[in-house]
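Visitor: If you count the sequence shown from 1, position 181 lands on 180 in numbering that gives the first Met the number 0, and the numbers rise without skipping. Please find one structure pasted underneath; my questions will follow.
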Amino acid sequence: MSARISYAWESDRTLRIDFSASSDRETPVSLTNHNYYNLNGHQSSIKNHTIQLDANEITSIHHDFTATGDFESVINSCLDLNHEKSISALINSEDPMIKHARGLDFNYVLTKGSVVSVTNELKDLILELHTNYPGIQIYTGQHLDKPFQRYQGLCLEPQFYPCSPNHPHFPDCFIGPDKILNKFISCDLRRVIYFEI
0 MSARISYAWE SDRTLRIDFS ASSDRETPVS LTNHNYYNLN GHQSSIKNHT
50 IQLDANEITS IHHDFTATGD FESVINSCLD LNHEKSISAL INSEDPMIKH
100 ARGLDFNYVL TKGSVVSVTN ELKDLILELH TNYPGIQIYT GQHLDKPFQR
150 YQGLCLEPQF YPCSPNHPHF PDCFIGPDKI LNKFISCDLR RVIYFEI
């Protein structure tokens, strides 16, 4: 297998990451990036961030967090992020899955063209993530350890669905002689300026 990852910092404050891979034999591939984001500054918590993304389902998981191969609707549940929610409200939810994970650590099934938006406490900094991957793992940093603190960073990890090679009905993560990987992650950081009238 041959893989190439390129990072480009564009003039409009967009970080563009392109992934490509090829192989002479059938090979499962799910290259991604594992950045942690904290729009309030590195010494603060992400609990007062808000998040919104267009996704109606997550991939279901067993108690040990491995994929079942099924999908679970998040519509009108604590995990529904179609409307902006605070990270604090999510973490403190009584939802049994969130309590078991001690926060978010779930793969959301993205709708085509969906955007993930994260906003800081002052609502003056917005991160928008675009990707052509079919899913995104949202992780709230509950297991971060020294020198960091729990919930100090939010991980947004576009990807193929977890355990894709074992579930043929999941989007195909295989490359081979007749199929290459071409995926991207684009992170647009914008400052919002408010004017008093």
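Just so you know, even glycine gets a beta-carbon here, dropped at the ideal spot from N, CA and C.
Let me know if D104 comes out buried or exposed under the rule of 16 or more other beta-carbons within 10 Å of its beta-carbon.
Guide: Burial call: buried.
Visitor: Which residue's Cα is closest to the Cα of Q51: I179, H82, R3?
Guide: Of the candidates I179, H82, R3, the one whose C-alpha sits nearest the C-alpha of Q51 is H82.
Visitor: Between the stretch 154 to 167 and the stretch 82 to 94, can you find at least three pairs of beta-carbon atoms closer than 8 Å?
Guide: Counting Cβ pairs under 8 Å, fewer than three are found: no touch.
Visitor: Sort out for me which residues DSSP pairs P27 with in a bridge.
Guide: DSSP output for P27 lists F173 as bridge partner(s).
Visitor: Can you find the residues in the same chain that come closer than 8 Å, C-beta to C-beta, to Q148, ignoring five residues on each side of it along the sequence?
Guide: These residues qualify, in order along the chain: S44.
Visitor: Can at least three beta-carbon pairs, one atom from the stretch 170 to 187 and one from the stretch 10 to 22, be found at a separation below 8 Å?
Guide: Judged by Cβ distances under 8 Å, the stretch 170 to 187 makes contact with the stretch 10 to 22, as three or more pairs qualify.
Visitor: Between the C-alpha atoms of P161 and G40, what's the straight-line distance to the nearest angstrom?
Guide: C-alpha separation (whole angstroms): 30 Å.
Visitor: Assign H48 to one of two classes, buried (16 or more other C-beta atoms within 10 Å of its C-beta) or exposed (fewer than that).
Guide: Classification for H48: buried.
Visitor: Once you ignore the five residues that flank R189 on each side, which residues in its own chain have a CB closer than 6 Å to its CB?
Guide: Only I125 meet the Cβ criterion.
Visitor: Based on Cα-Cα distance, which residue from E127, N55, T65 lies nearest to Y107?
Guide: If we check each option's Cα against that of Y107, N55 comes out closest.
Visitor: So, does the stretch 108 to 123 touch the stretch 7 to 15, judging by three or more C-beta pairs under 8 Å?
Guide: No contact exists between the stretch 108 to 123 and the stretch 7 to 15.
Visitor: Can you list, in chain order, the residues of its chain with a C-beta nearer than 7 Å to that of S87? Leave out the 5 residues immediately preceding and following it.
Guide: Around S87: K46, N47.
Visitor: Within 10 angstroms of its Cβ, does G175 collect 16 or more other Cβ (buried), or is it exposed?
Guide: G175 is exposed by the Cβ-count criterion.
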